[in-house]
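Number of protein chains: 2
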Amino acid sequence: MDARIDQRRYETRARILKALAHPSRLKLIDKLSEREEVCVCDLTETIGCDMSTVSRHLAQLRAAGIVESEKRGQMVFYRLRVKCLQSLFGCIESVARSHVEEHLVVLS
Amino acid sequence: MDARIDQRRYETRARILKALAHPSRLKLIDKLSEREEVCVCDLTETIGCDMSTVSRHLAQLRAAGIVESEKRGQMVFYRLRVKCLQSLFGCIESVARSHVEEHLVVLS
DNA sequence: TGGCTATTTGCATGATTAGCCAAATATACA
DNA sequence: TGTATATTTGGCTAATCATGCAAATAGCCA
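Residue numbers (the numbering used here), protein chains in the order written: chain A, 1 to 108; chain B, 1 to 108.
The following block contains the structure:
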């Protein structure tokens, strides 16, 4: 009976992690963590691909609950709605570092 | 010049996050966090799909540096090589919770 | 109203992913 | 050596994803 709740929880987590799991979206998050809010045009410039692609990346982050948006005039501003991402990336980085070290050992 | 290093870092993070971003792999991690090590056959039973599929999921987690494996006899035992995943999931859960709350507000 | 800008959406395409079955590999054991 | 067990790998298919271009939408301003 708990099994279904667990299954649901795994699916929820996977959906959020999948939203994070793309280099461009991570870059967007990095940019957003530097300021209170950033418009799509500025984000497009930092990512360097088509604005329509950036818009879709942002839509994914929003659907996952990671960012929120507000339209003012013709522009749409996005901002992070999560505070714990830096520590999350800290964990990811520790995986990356130790994995690289292991590879170096293997290679040497 | 930093840009390339940054780009590399985003790609590394994305690769690790992508390895985490699947319900079955999250379930595998949960199972592994309960014990020191678990064999593929036991993991297959908890996941409930073909052993070949489980083996591939585990291979992905290993390639990302999240688990490691050791063969003893005919069996292969997997174990977590990362300690910070619970706090990482804590962050993910906080996203999930606040996003659900927002949806409830929208619905009401 | 008409034109201009910012953003999103429709559509098509190529790439990646998940899953299963069957076959290969490796180890144990009689 | 031959057989059984545990795991991985090859090959295939269906589904999902990323991307760009073009078109649609929405707001501003003359």
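Ideal Cβ placement from N, Cα and C applies to all residues, glycine included.
In the DSSP annotation of this structure, R81/B is not part of any alpha helix (DSSP H), being labelled neither H nor E.
Scanning its chain for C-beta atoms nearer than 6 Å, with the 5 sequence neighbours on each side dropped, one finds around V76/B the residues V40, S69, in chain order. The distance from the Cβ of A14/B to that of L26/A is about 6 Å, consistent with a contact at the 8 Å cut-off. DSSP places E68/B in the strand class (E or B) of the three-state scheme. Per DSSP, C41/B is one residue of the alpha helix (DSSP H) stretching across 40 to 47.
By the rule that beta-carbons nearer than 8 Å mark a contact, T12/A touches chain B. Here L32/B is near R79/B, since their CB atoms are less than 8 Å apart. Annotation for Q7/A: the continuous alpha helix (DSSP H) segment containing it runs 2 to 20. Closest in alpha carbon position to V95/B, among E37/A, V67/A, S24/A, is V67/A. According to DSSP, residue pairing for V76/A in a beta bridge involves K71/A.
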